[in-house]
Structures are given as C-alpha cells and as structure tokens.
Amino acid sequence: MTATTPLSALPTTPRPQAHTAHSAPSTPAAGGLGPRLGYLLAGLPLGVAAFVTAVTGFAAGLGTLPIWLGLPILAATLAAARGFAALERRHVEAVTGRALPAPAYRARGGGVVRALSDPQSWRDFTHALVSFPLRIVTFSLALVWTVGGVGQLLYGLWSWPIPRDEGEAGLLDLMFDIDSRAADIAFHTAIGVVLLATAAPVLRALTAAQTSLARALLSDGRRPR
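Adding 262 to a residue's 1-based position in the sequence shown gives its number in the numbering used here.
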C-alpha cells in the first residue's frame, strides 16, 4: 500500500505579482488656478529685484574694471543671480509639481576669475534679464483675467457712482451707440463671465511660458562639477 502525500505538504511556486501602474512612484500633480495665479503675480516683484540687481551690478562692474574693483563686483552680481535662480527653480517646482534638475555649477573656490568663468552663472544672469519683460506680460494678463474678470462680473454693484456725461451710458454707448444702463451692465457682466471662464487655460499658458524659460536657462541636466 502506497502512502499518499498531503496536498498541503507539496512545494508551491510563488505566484508572480502583476505590475501595475500604481507601483511606479507618482509625480506630484501640477498646481491649480490659485497656485498658478500666485506664481505669476509673485513673479513680477522677484523679476524686478533680479533685473535691477543684474543691471546695476553689471554696469558698476564694467565701470570699475580699470581699477580692478569691477571683477569682484561682477562676481558678486553673478552670485546674486545664482541666488535668484535658485529661488525661481523652487517656485517652478512648486507650481508644476515637477523637479527641476540641478544645474552644473562649478565648485566654489578658486577666486574671482573662476567665478566669472562659470557658464551656468552667466545663464542665471541672462535669465534675470530676459525673464523681466516676460514677467511684466504674464503679470498683467493674469491680473486682467482674474481680478479684472471679477470686477467686470460685479460691474452692476460698483459702477453706479461713476460720473457720466449727459446722455452717455458707458462703454457700450461709446462703442455701439446703445444708450441703456441695463444693457451696459449686461455687457460688462458678460465680459466678466468670459474672462473668468477662460482664466484657467490662460493662466496655464502663461505659467507654461514662464516656467519653460526657467527650464531652458536655469537647468541643463548635467551633474555639478
């Protein structure tokens, strides 16, 4: 008589686990309307400070080169641009949810000449200059599409004390010769609805333009030397 082996005692082969999309590390989601608006509005004060520092430092450095004082001034200007660039990278990471690779700066030390020969520092300096006009445009459009949209939507509540000439009923009257207070309110309210309805894609596009410039100049993907 042959003894039978219980099924529970038989060796079992581990069942392969299926890989799912959830096993990969997730990337933080991009910011919404509020974070994008905050990024665009805060970008102008940062841009003004970076632009003024870069232009002033560069002009002072060039003007004092004959007495050798210009070299440390230029090095300090590049160091300041490097600090502004680091702050902008953090802002870009926060609003996009995507990491900005560390740029390939040269190791600190080696004197003023080494500091002035760092290519990435000059890229930071260039960003401080060229991003300034872009920040003005993005700031203005972001303000119009949000604050302006809210103002137009509530036009009927705050526009009544505006002084008007006799027979003039507002913008609608000037544009289309429609002398009607109710039509004027409806016209401005419609503008507010359109601005607020399109605010999300507009802010997304403005944010993409500003962050793309930062990624192009403030990060090159190379390892620091």
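Don't be surprised by glycine CBs; every beta carbon is placed ideally from N, CA and C.
Query	Result
If you follow the alpha helix (DSSP H) that residue 469 is in, where does it begin and where does it stop?	461-480
Could you check whether the segment 359-367 touches the segment 448-455, counting it as contact only if at least three pairs of C-beta atoms, one from each stretch, sit closer than 8 angstroms?	no
Would residue 297 pass as a contact of residue 481 if the rule is Cβ separation under 9 angstroms?	no
Do residue 313 and residue 391 have their C-beta atoms within less than 9 angstroms of each other?	yes
Can you give the Cα-Cα distance for residue 341 and residue 453, rounded to whole angstroms?	46 angstroms
Would a C-beta distance cut-off of 9 angstroms place residue 404 and residue 303 closer than the cut-off?	yes
Can the beta-carbon of residue 316 be found closer than 9 angstroms to that of residue 387?	yes
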